[in-house]
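The structure appears right after this line, and notes come after that.
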Amino acid sequence: MNSVTRALRTHVAVLGGTLAVFWAVFVVNLLLGGALLSLGVIPRTAVGLRGIVFAPFLHASLDHIVANSIPFVVLGWMVMLRDERHFIPVTVAGMFGSALVAWLLGAPGSVHIGASGVIFGYLGFLMLSGWYSRSFGSIVLSAVVTVVWGSLVLGMMPGVPGISWQAHAGGFLGGVLAARAFKRRHVAAVSMKSIR
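For the sequence shown, the positions run 1341 to 1536 when our numbering is used.
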């Protein structure tokens, strides 16, 4: 088995497995009458911080989970194509950024759920990684993502009822910070090689 086939199998297993968990949780939540939705991010409450971990796996409706499934797979795969090692840190950055901004800025008593914060983390990472890394491949990938998916940034604008612009903006910020952090690591690695 060559390395490309191995990598593709890993991508399918990770993204497909995560997507399967999203849908399994969605079905269980339906059977429980929506009881799991209370595990989302609840702004400025101690219990609401558990949403950092649980919110991305919770979806309020069939439309909600369908709308998140495709961009999760496509943008997540693009992160993996750029560098498999970046997928988990960028996912975590999107989760934390999304949850913390929603927790800080969300309306009192609201509950923020869904994988869209993580998706916006992927978007922020992919759009800015070319700028930070300055490598040809990363610049091309950033340009493609910006052209095809750039309109998603409108989801960070306040005003649409039922959409957590706070989670979207926080996820995007998390992704941008991850892109910047990986740029620093790349520069440090290059510097060490030049010293040797």
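Where is the CB? At the ideal position from N, CA and C, for every residue including glycine. From a predicted model like this one, the values you see are computed outputs, not experimental measurements.
Next item on the list: Could you check how far apart the C-beta atoms of G1434 and G1477 are, in whole angstroms? I think they sit under 8 Å.
Entry: About 22 Å separates the two Cβ atoms, so there is no contact after all.
Notebook entry, point to check: For the stretch 1448 to 1488, which segments carrying the alpha helix (DSSP H) assignment without a break, of at least 4 residues, lie completely within its bounds, in sequence order?
Noted result: Runs of the alpha helix (DSSP H) lying entirely within the stretch 1448 to 1488 and spanning at least 4 residues, in chain order: 1456 to 1473.
Next item on the list: Could you tell me the distance, in whole angstroms, from the CA atom of V1381 to the CA atom of Q1506?
Entry: Computed Cα separation, rounded: 11 Å.
Checklist line | Alpha carbon of L1348 to alpha carbon of V1406, nearest angstrom | finding: Approximately 23 Å, taken between the alpha carbons.
Next item on the list: Counting only the same chain and skipping the five closest in sequence on each side, list residues whose C-beta sits under 6 Å from that of P1411.
Entry: The residues are I1459.
Check: How about the stretch 1466 to 1484 and the stretch 1444 to 1453: do they share at least three Cβ pairs that are nearer than 8 Å?
Finding: Using a Cβ-Cβ distance cut-off of 8 Å, the stretch 1466 to 1484 and the stretch 1444 to 1453 are not in contact, since fewer than three pairs of beta carbons, one from each stretch, lie closer than that value.
Notebook entry, point to check: Which residue's Cα is closest to the Cα of G1515: A1353, G1499, V1484 and L1463?
Noted result: Put simply, of A1353, G1499, V1484 and L1463 the residue whose alpha carbon is nearest the alpha carbon of G1515 is L1463.
Margin query: I'd like to check one pair, A1439 with I1392: are the Cβ atoms closer than 7 Å?
Written below: It is a contact, given that the beta carbons lie within the stated cut-off.
Item checked: Among W1489, A1509 and G1416, the one whose alpha carbon lies nearest that of P1498 -> It is A1509 whose Cα lies nearest to the Cα of P1498.
Margin query: Please classify V1430 as buried or exposed, where buried requires at least 16 neighbouring CB atoms within 10 angstroms.
Written below: With at least 16 other beta carbons inside 10 angstroms of its own, V1430 counts as buried.
Next item on the list: Can you grab the Cα-Cα spacing for the pair M1467 / A1483, in whole Å?
Entry: Spanning the two alpha carbons is a distance of roughly 7 Å.
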